[in-house]
Structures are given as structure tokens and as C-alpha cells.
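Just below is one structure, and these are the notes that go with it.
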Amino acid sequence: MSETRIGTTRLQRISRAYTETAVLYAALDLELFTHIARGATSLAALAEAMDVSLLNAERLLTCVLAMGLVERNGDTYHNAPDSARYLVSDAPAYAAPWMTFTRGDVPGWFRLTEILRDPAPPSTLGMYADLTVASARAYHAATYSIGMGAGRRFCREVDLTGRHRLLDLGGGSGAYSINAVQRFDGLRAVVLDLPPVIEVTREYLERHDVTDRIDTLAGDFTVTALPRDCDCAVMASNLPIYDAAAIRAVIARVHDALLPGGEFHLVGEMLDNDGAGPLDAAMWGMYEAVCGSAGRAHSIAECIGYLEAAGFVDVAEAVFVPGTLHRVSGVKRG
Ligand SMILES: C[S@@+](CC[C@H](N)C(=O)[O-])C[C@H]1O[C@@H](n2cnc3c(N)ncnc32)[C@H](O)[C@@H]1O
Numbered sequence: 163m164s165e166t167r168i169g170t171t172r173l174q175r176i177s178r179a180y181t182e183t184a185v186l187y188a189a190l191d192l193e194l195f196t197h198i199a200r201g202a203t204s205l206a207a208l209a210e211a212m213d214v215s216l217l218n219a220e221r222l223l224t225c226v227l228a229m230g231l232v233e234r235n236g237d238t239y240h241n242a243p244d245s246a247r248y249l250v251s252d253a254p255a256y257a258a259p260w261m262t263f264t265r266g267d268v269p270g271w272f273r274l275t276e277i278l279r280d281p282a283p284p285s286t287l288g289m290y291a292d293l294t295v296a297s298a299r300a301y302h303a304a305t306y307s308i309g310m311g312a313g314r315r316f317c318r319e320v321d322l323t324g325r326h327r328l329l330d331l332g333g334g335s336g337a338y339s340i341n342a343v344q345r346f347d348g349l350r351a352v353v354l355d356l357p358p359v360i361e362v363t364r365e366y367l368e369r370h371d372v373t374d375r376i377d378t379l380a381g382d383f384t385v386t387a388l389p390r391d392c393d394c395a396v397m398a399s400n401l402p403i404y405d406a407a408a409i410r411a412v413i414a415r416v417h418d419a420l421l422p423g424g425e426f427h428l429v430g431e432m433l434d435n436d437g438a439g440p441l442d443a444a445m446w447g448m449y450e451a452v453c454g455s456a457g458r459a460h461s462i463a464e465c466i467g468y469l470e471a472a473g474f475v476d477v478a479e480a481v482f483v484p485g486t487l488h489r490v491s492g493v494k495r496g
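FYI, the numbering used here numbers position 318 of the sequence shown as 480, with every residue one higher than the one before it.
Here's what the structure looks like:
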């Protein structure tokens, strides 16, 4: 019987995983992927375009090649498919603002030991407590492109035909609502978000020319009275910000406010029921420690339990974005 040799390779990779992040940030700052897309495909051309020495260009290209972000044919570099689609600055799906969304939190992550030992009670809103219109604008410049992709996916997977008004809790840029009213004839929506965010939501609604079909409501979904004329609701990408009691209470409020027969969709990073992953869901839970909130990672089974406890029936779950987002849905009895 062959013995599996236990080595340190995996542990070494994890212990230096931050180096990959740093290389990606630098490549984005230096617009490496954009320069390649615009035709600077040799080492010398890239060094000149990025205004770095040949030595440093070679170091960077060696790393991004090893990370699979860039591919090489002879002496010619080209972008890997995902780099070409999401990391080239004039590409329609450019997502670098989202990829660097938590860059400002890097020092916080490296204080994690201290944070975990801090006996001070967490705040309810965490990173959202001190939002200004300017910080909300920067935040949603990052969430917008990824949110629009998720909103499109939501509308492909959830048939809202015949529904009249969608309540979009913590709707941010309005990405889900914008996609929904554009896809489903006759559907209207209301985006509820914190007051500084709603200023920014209105800018996105204007940009998409949907202000006649989407209303905004400035408030806090844990306390603000919810509209009582909606027959469908979605809460997307807020889940780890809150603890179980808060999520349970919000879902009970949604159930109370929805019209009979209305449907609710909770989309978020959820742990598998054994609690052992996915890593992304676990890390978003930990991110809340860095942000100082009481939030945590919730499992799919917990989320199903929140909906059932609120009174939703026909509660079902589905993978939304593999490894990242899950969807738990239910219906209010008619
Ligand atoms: C990560 S963004 C997601 C935005 C949008 N749902 C999407 O998927 O593109 C989370 C949003 O939830 C909002 N939010 C968090 N807590 C909230 C609360 N208590 N009341 C209203 N909005 C809240 C934040 O302001 C932010 O806009």
C-alpha cells in the first residue's frame, strides 16, 4: 500500500496567498491587461507602455503567466479569456473596480488576530455605519458591473412574468431591479437602501432611463416600514452583514409586507450545510469581523430555516453562482 506523503506545499501557498493579490493589484494599476489588448504584446513594448524597467516588466509578466492571467505564444503575450473580458479597461464587462473593491481593507485583514481578540461589541451596520454619498458612489461603482451580471442571471432564472411590483432590499445600484423591469413587461420596482446610497441609486436609474418604473425608498430595512403593495421581493448580497437574529427579523418583516401569494428570493454567499465551505462564503463572514459588524456566514439550511420561520412555504434552494452565491426562495400563502 502506498503512503501519501504529507508535504508543506499547500501550507506554503496559503501562507503567501497575499502575494497573488498584490500582483493582481499592481497589474491593474499598471494597466497591463489593457496594454496587451491594445497591442503591446512583447516584453519591451509592455515595459515601455507600463513605464517600468525591463527587469520589473519581466518579473510581473512571469507572475501573471504563472497565475494564468496572461498566456504566451513564443515572445508574444495575450490575455487569458477572463482577463480579456473583465480586466481590460474599455471592455464592456470591465470589473477591476469590483476586483479591487476590498483593497482598502488589506491593512484590516493583517490586523485580524488583534480584531478577533478585541472584546468590544460589534456595531450593527459595520462598514455601512459611516457611509456618505461619495463613499456610496465609489462603493457602487465597484458593485455595479458585477451586480448587473447577477441581475441578468436572476431574471433568466426567476420568472417574474405577471408580477406587479418588486421590492429590492438593499438594492444598491438597482442592478436587479433595472434588469427585472427591462425583462418583464408591466413590472415596477422599488429599491430600498440606506439614505446616502439611494442618492447614488437614482443616478443609475436615470442612466438606464427607468425612473418611471423604479421608485426609491431611503431607509434601513431592519426598521423602515416596508411597502405593502409588492408581490415579489429580492434581497441580494447583504446576507453576511447581519447575524441570524437580524436576518430572521428582516425576513419576517418581508413576509408580513408582501401581498398574499408573493414570492421572496434571498440571494447571498451561503455555506454548505456541513459548514465546510465554500471558502468565499466563509471569507465574507470573516470580512464582517474586519468591518466590525456582528455579521457572519450563514448556511443554506439556516437560510431555509429563516424563510420557514417567517411563514414562507414552498421554500427551495438553488445554486446561483457556483462557489459564490446561493438562492433560497419561498412563497407567502395566497
Ligand atoms: C453588496 S451591496 C448589494 C447591492 C445589490 N443588491 C446587488 O446585488 O448589486 C449591499 C447593499 O445593501 C445595502 N444595505 C445593507 N444594510 C442595509 C440596511 N439595513 N438597509 C438598507 N440597505 C442596506 C447597502 O447599503 C448596499 O447597497
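Idealized CB from N, CA, C, for every residue including glycine.
Output needed for residue 410: all residues of its chain with C-beta closer than 8 Å, excluding positions within five of it in sequence on either side, in chain order.
468, 471 and 472
Does residue 168 come out as helix, strand or coil in the three-state DSSP assignment?
coil
Report the residue ranges of all beta strand (DSSP E) runs contained in full by the segment 394-442; include only those spanning at least 3 residues, in chain order.
394-398 and 425-430
Is it the case that the CB of residue 383 approaches a heavy atom of ligand 1 more closely than 6 Å?
yes
With distances taken between CB atoms, is the gap from residue 299 to residue 250 smaller than 7 Å?
no
Coarse secondary structure for residue 455, derived from DSSP in three states:
strand
Taking Cβ to Cβ, would you say residue 438 is nearer than 7 Å to residue 459?
no
Going by C-alpha distance, which of 211, 451, 388 and 177 is nearest residue 132?
Nothing in the structure corresponds to residue 132, since the chain is present only between 163 and 496.
What is the residue span of the alpha helix (DSSP H) that residue 467 lies within?
462-472
For residue 172, is the beta carbon positioned less than 6 Å from some heavy atom of ligand 2?
No copy of ligand 2 occurs in the structure displayed; its ligands are ligand 1 alone.
Could you check the C-alpha separation between residue 390 and residue 414 for me, to the nearest Å?
13 Å
Cβ-based burial, residue 457 [other Cβ within 10 Å; buried from 16]
buried
Alpha carbon of residue 210 to alpha carbon of residue 218, nearest angstrom
11 Å
When you compare each of 202, 188, 247 and 240 to residue 221 by their alpha carbons, which one comes out closest?
188
Cβ of residue 368 within 7 Å of any chain B Cβ
Structure shown: chain B not included; a single protein chain is present.
In chain order, each alpha helix (DSSP H) run of at least 4 residues that lies wholly inside the segment 337-363:
337-345
Does the beta-carbon distance from residue 248 to residue 242 come in below 7 Å?
no
So, under 8 Å CB-CB, residue 384 and residue 408 are touching, yes? Tell me the CB distance rounded to an integer number of Å.
6 Å
Sort 485, 203, 395 and 282 by Cα distance to residue 333 and report the nearest one.
395
Are residue 402 and residue 380 touching if we call contact CB-CB under 7 Å?
no
Heavy atom of ligand 1 within 6 Å of residue 355 beta-carbon:
yes
Sub-7 Å separation of residue 488 and residue 432 beta-carbons:
yes
If you scan the segment 244-270 from start to end, which runs of the beta strand (DSSP E) of 3 or more residues do you find wholly inside it?
none
Distance check for residue 490 and residue 483, CA to CA, integer angstroms please.
13 Å
Where does residue 238 fall in DSSP's three states?
strand
Provide the residue span of the alpha helix (DSSP H) that contains residue 282, from first to last.
Careful: residue 282 lies outside any alpha helix (DSSP H) and carries neither H nor E.
Whether residue 257 touches residue 198 by CB criterion (7 Å)
no
Beta carbon of residue 455, beta carbon of residue 284: below 7 Å?
yes
Exposure label - residue 327; buried when at least 16 CB within 10 Å:
buried
Comparing the CB of residue 332 with every heavy atom of ligand 1, is any distance shorter than 6 Å?
yes
Please look up how many angstroms separate the CB atoms of residue 350 and residue 315, rounded, as I've assumed it's under 8 Å.
Wrong, their Cβ atoms sit about 21 Å apart, outside the cutoff.
Ignoring anything shorter than 4 residues or poking outside the segment 292-336, list the alpha helix (DSSP H) runs there in chain order.
295-319
Using CA atoms only, rank isn't needed, just tell me which of 252, 205, 264 and 246 is closest to residue 238.
205
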